[in-house]
Amino acid sequence: MDGFVVEIKKIPPVTRFLCISLISVSVPVMMQLVSPYKIVYFWGAVAGKFEIWRLWSSFFLGSGGINFIFEMVMLYRTSNELEEGPFARKSSDYACQLFIASGAIIITSIPLNSMLFLRPFLLCLVYLSSNLAPPGAQTSLYGLLTIPVRYFPFALLGMDLLMGGPAAAAQAVPGAIVGHLWWMGVFGTEIGGRGGVLTEWGIAPRWLKNWFGETGSPSAGRTMNAGGGVNVIPPRAREPENANTTFAHRWGSGNRLGNN
1 MDGFVVEIKK IPPVTRFLCI SLISVSVPVM MQLVSPYKIV YFWGAVAGKF EIWRLWSSFF
61 LGSGGINFIF EMVMLYRTSN ELEEGPFARK SSDYACQLFI ASGAIIITSI PLNSMLFLRP
121 FLLCLVYLSS NLAPPGAQTS LYGLLTIPVR YFPFALLGMD LLMGGPAAAA QAVPGAIVGH
181 LWWMGVFGTE IGGRGGVLTE WGIAPRWLKN WFGETGSPSA GRTMNAGGGV NVIPPRAREP
241 ENANTTFAHR WGSGNRLGNN
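Residue 1 is where the sequence shown starts when you use the UniProt record's numbering, and the numbers rise one by one after that.
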């Protein structure tokens with residue numbers, strides 16, 4: 001048991017929180033211990049009955065069956081690689097930006113009357129991770145088709161369309177929109193630039209950095225923007241270690257992702 005706890009503690013804090021949230025929300029519903037109607041997002045319940053937890057739980061109710069396993073793996077691998085890569089030693093910035101992105105997903109989903117946000121949330125993370133991958137990186141879809149990592153988010157949208165219809169794909173689209181704004185707004189796309197126009201907004205407040213124990217920690221990653229914020233090396237400013245290696249998703253050829 002102690003060994004299991006030690007392994008859990010090795011997971012970066014934000015990724016650990018996301019994975020525990022997915023399990024703690026989804027498993028009781030799957031076991032019929034909690035009604036899904038207590039989990040999903042209703043603005044009337046949030047504003048009128050002060051059921052604030054719905055703003056959190058609606059992001060972590062997964063699909064049933066084997067799809068839940070794929071969602072868990074995708075969440076863990078994508079978030080872990082972001083937190084140990086672009087956001088290395090900057091978990092507070094990652095948490096701050098993830099919070100803003102989640103709020104943006106809720107807002108952009110208003111026209112769709114969405115009640116669950118796991119699919120757009122995953123797509124948002126995948127979009128950001130894919131666009132920060134080295135040039136030429138590739139990934140395998142269903143172990144059958146190898147595609148550039150940059151196109152992986154659109155492949156997931158296509159799978160949602162094929163397996164869930166237009167409504168399922170439409171509900172995931174806000175994740176791609178927010179992921180694109182996150183990538184361009186915070187990281188920017190210019191070589192040697194100073195990040196995007198939203199970079200400064202992504203800097204965690206001092207109290208959050210203190211809570212994560214990052215006060216006084218050395219900056220890592222982005223050599224531009226030495227004044228603070230999220231530090232990463234721009235994807236076009238570095239040489240790929242291996243053009244055939246997937247940065248965003250190192251799944252191997254046998255794992256299947258993209259199920260709705």
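By construction, the Cβ of each residue, glycine as well, lies at the ideal position given by its N, Cα and C atoms.
Counted as a single uninterrupted DSSP element, the beta strand (DSSP E) harbouring residue 148 occupies residues 145-148. By the Cβ-count criterion, residue 202 is buried, with 16 or more other Cβ atoms from all chains shown falling within 10 Å of its own Cβ. Pairwise C-beta distances place the region 47-63 in contact with the region 18-32, as three or more of them are shorter than 8 Å. DSSP places residue 108 in the uninterrupted alpha helix (DSSP H) bounded by 91-108. Beyond the five residues adjoining it in sequence on each side, residue 109 comes within less than 8 Å, by CB distance, of 117, 120, 171 and 174 in the same chain, given in chain order.
Put simply, of 113, 115, 112 and 101 the residue whose alpha carbon is nearest the alpha carbon of residue 128 is 101. Ranked by how close their Cα comes to the Cα of residue 207, the residues 93, 136 and 147 have 93 in first place.
The Cβ neighbour count for residue 210, taken over all protein chains shown within 10 Å, is under 16; the residue is labelled exposed. Taking 3 residues as the shortest admissible run, the region 121-177 contains the following complete beta strand (DSSP E) segments, listed from N- to C-terminal end: 138-141 and 145-148.
Classified as buried, residue 105 has 16 or more neighbouring CB atoms from the shown chains inside 10 Å of its CB.
Boundaries cannot be given for residue 40, as no alpha helix (DSSP H) includes it and DSSP labels it neither H nor E.
In the DSSP annotation of this structure, the continuous segment of the alpha helix (DSSP H) that includes residue 79 starts and ends at 66-84. In this structure residue 66 is exposed. Its beta-carbon is surrounded by fewer than 16 other beta-carbon atoms within 10 angstroms. Residue 183 counts as buried, since no fewer than 16 other beta carbons sit within 10 angstroms of its beta carbon.
The beta carbon of residue 9 lies closer than 7 Å to none in the same chain, with the five residues before and after it left out.
The straight-line gap separating the alpha-carbon atoms of residue 16 and residue 23 is approximately 11 Å. Rounded to whole angstroms, the gap between the alpha carbons of residue 152 and residue 85 is 19 Å.
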